[in-house]
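Enquirer: Just dropping this structure here.
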Amino acid sequence: MRYSALRVSLLLLLLGSLQERAVQASDWAMWRKDPARSAQTEQLLPESLHLQWVHRLPQLEPAYKNERLQFDAGYEPVVKDEILFFGSSQNDSVTALDLKTGKQLWKYTTEGPIRFAPVSWKDAVYFGSDDGCLYAVSAQTGKLLWKFRAVPSRRLILGNRRLISVWPVRGGPVIENDTVYFAAGVWPFEGVFIYALDTTTGKVKWMNDRLGFLYGQHPHAAEALGGVTPQGYLVISDNELIVPCGTAFPARLNKQTGKLVAFELPKPGRTPGGWFTAADKAARRGETEVATPSLQFDRDVNSARHENGQNYGPDGKRGLRQQIQVGNQSLKYQTPIPGVDGTIHSLLVASDYLIAVTLEGSIYCLGS
9 MRYSALRVSL LLLLLGSLQE RAVQASDWAM WRKDPARSAQ TEQLLPESLH LQWVHRLPQL
69 EPAYKNERLQ FDAGYEPVVK DEILFFGSSQ NDSVTALDLK TGKQLWKYTT EGPIRFAPVS
129 WKDAVYFGSD DGCLYAVSAQ TGKLLWKFRA VPSRRLILGN RRLISVWPVR GGPVIENDTV
189 YFAAGVWPFE GVFIYALDTT TGKVKWMNDR LGFLYGQHPH AAEALGGVTP QGYLVISDNE
249 LIVPCGTAFP ARLNKQTGKL VAFELPKPGR TPGGWFTAAD KAARRGETEV ATPSLQFDRD
309 VNSARHENGQ NYGPDGKRGL RQQIQVGNQS LKYQTPIPGV DGTIHSLLVA SDYLIAVTLE
369 GSIYCLGS
């Protein structure tokens, strides 16, 4: 398999800009590379790529069937200093592999599923678990450096056929300037906890536990208590910490103080997501027939994104950018890669290697 040795750019864009970080340019030390989750890299890939090793793992079962909530549908590796780290909800562990050989260096096991990618910062690796704790371990040895219990008690509940904390860590951690941000708790009425900790000591810089009891209108046209439901990877954008809330609106917090900047409860009649049709003659409100010789419908695309005046859809060229651009060639997620079997779930570039992860549970490393 040959690729031009030009700049590789993962064109999967999110909010924010690139931030200063204590990692090398060749690293991919957190999910989507950086605190802004930009998924962009300036790295060069070798002109010719060959399979180096394969690490086969059990296929993961996501916590939710809803595709918009499947942040844990597959393994999400990160790479720093030529060590690859990945978490597992199947065996509750984080594993470190030598990037060049695929040899296992260490494995650390927690007391609950790990559903989000770890973050490697300086000489440590950080990750949250459904047991309600955030862990910091040595990147070289896997030895525990500190463990922070983010929840008020050891209460357990049945979740995904497992006993997990009533407050699982489902706000995926993000690190910037020696501060790790994460969230615990998904049920507002039980309490939600959003933290900023010192990466070296694990001490609390700030904590916001007042976002589970917000009063307002709900989709059923009633006023009631509701709140933030952290589920997804946290994002840093300028001076704000963005907390995704599953299919609901994300919350925006001041990253220095933890104070709420903006959040909306779902309004009456407002339904997350949507759909679209493209036809010669659109159906009108109240009509029961659609007069058209050709009707196109895509149930998987629920929003239209506009970048530089272009309307992006699912057709690959003028579509949601789910590909790696290598010179004049495009490596799309649905394009088979020689030597890689299965459905591509994730792609990343680090230290002159291309890492491809399949939904079936295999991690492939390709290099020169």
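Positions 9 to 376 (the working numbering) are the ones given, in order, by the sequence shown. We treat Cβ as the ideally placed atom computed from N, Cα and C, and that holds for glycine. These figures come from a predicted structure and were not determined experimentally.
1. Tell me, which residues are paired with residue 36 by DSSP?
2. To the nearest angstrom, how far is it from the Cα of residue 119 to the Cα of residue 163?
3. How far does the beta strand (DSSP E) with residue 372 in it extend, from its first residue to its last?
4. Tell me the rounded alpha-carbon separation between residue 89 and residue 206.
5. Under a three-way DSSP split, which group does residue 196 fall into?
6. What three-state label does DSSP hand residue 75 in the structure shown?
7. Can you give me the start and stop residues for the beta strand (DSSP E) that residue 230 sits inside?
8. Verify the contact flag: residue 76, CB atom, against every heavy atom of the ligand FAD, threshold strictly below 6 angstroms.
9. Roughly how far, in whole angstroms, is the beta-carbon of residue 33 from the beta-carbon of residue 41, given that I think they are within contact range, below 8 angstroms?
10. Is there contact here, the region 106-116 with the region 72-82, by at least three beta-carbon pairs under 8 angstroms?
11. Name the DSSP beta bridge partners of residue 172, please?
12. What residue does the beta strand (DSSP E) around residue 350 start on, and which one ends it?
13. Within the same chain, show all residues whose beta-carbon is closer than 7 angstroms to that of residue 353, passing over the 5 residues directly before and after it, in chain order.
14. With a CB to CB cut of under 8 angstroms and the five nearest residues on each side skipped, what residues in its chain are close to residue 69?
15. Whose CA, out of 184, 180, 362, 102, lies closest to the CA of residue 190?
16. In or out: residue 317 buried (at least 16 other Cβ within 10 Å) or exposed?
17. Quick one: using the 10 Å Cβ neighbour count with 16 as the cut-off for buried, is residue 138 buried or exposed?
18. Am I right that residue 345 and residue 356 are in contact with their C-beta atoms under 8 angstroms? What's the rounded C-beta distance?
Expert: Reading from the atomic positions:
1. Locating residue 36 in the sequence shown gives position 28, counting from the first residue. Among the bridge pairs identified by DSSP, residue 36 is matched with 87.
2. Within the sequence shown, the letter at position 111 stands for residue 119. Within the sequence shown, the letter at position 155 stands for residue 163. Computed Cα separation, rounded: 13 angstroms.
3. Residue numbering aside, residue 372 sits at position 364 when the sequence shown is read from its first letter. In the DSSP assignment, residue 372 falls within the beta strand (DSSP E) that extends over 370-375.
4. As a first step, residue 89 must be located in the sequence shown, where it is residue number 81. As a first step, residue 206 must be located in the sequence shown, where it is residue number 198. Roughly 22 angstroms separates the two Cα atoms.
5. Working through the sequence shown from its first residue, we reach residue 196 at position 188. Residue state, collapsed to three classes: helix.
6. Position 67 of the sequence shown, counted from the start, is the residue given in the question as residue 75. Of the three classes helix, strand and coil, the one that applies to residue 75 here is helix, per DSSP.
7. The sequence position of residue 230 within the sequence shown is 222, counting from 1. It is not in any beta strand (DSSP E) - residue 230 carries neither H nor E in the DSSP assignment.
8. Among the ligands in the structure shown, none appear at all, so the ligand FAD cannot be discussed.
9. Within the sequence shown, numbered from 1, the residue matching residue 33 stands at position 25. Within the sequence shown, numbered from 1, the residue matching residue 41 stands at position 33. Contact flag wrong, Cβ pair sits at about 10 angstroms.
10. Taking 8 angstroms as the limit for Cβ pairs, the verdict is that the region 72-82 does not touch the region 106-116.
11. Looking up residue 172 in the sequence shown gives position 164. BP columns for residue 172 point to 165.
12. Position 342 of the sequence shown holds residue 350. Segment: none, residue 350 is in no beta strand (DSSP E) and carries neither H nor E.
13. For the purposes of this step, residue 353 is taken as the residue at position 345 of the sequence shown. Leaving aside the five residues that flank residue 353 on each side, the residues in its chain whose CB is nearer than 7 angstroms to its CB run, in chain order, 81, 82, 365, 366, 367.
14. Residue 69 sits at position 61 when you count from the first residue of the sequence shown. Hits under 8 angstroms: 97, 98, 168.
15. Position 182 of the sequence shown, counting from 1, holds the residue named residue 190. Out of 184, 180, 362, 102, 180 has the C-alpha closest to the C-alpha of residue 190.
16. Numbered from its first residue, the sequence shown carries residue 317 at position 309. Here the model assigns residue 317 a pLDDT of 40, short of 50, so the residue's position is not dependable and the matter cannot be decided.
17. Reading the sequence shown from its first residue, position 130 is the one you call residue 138. Buried is the call here.
18. Taking the first residue of the sequence shown as position 1, residue 345 is located at position 337. Taking the first residue of the sequence shown as position 1, residue 356 is located at position 348. Residue 345 to residue 356, Cβ: 14 angstroms. No contact.
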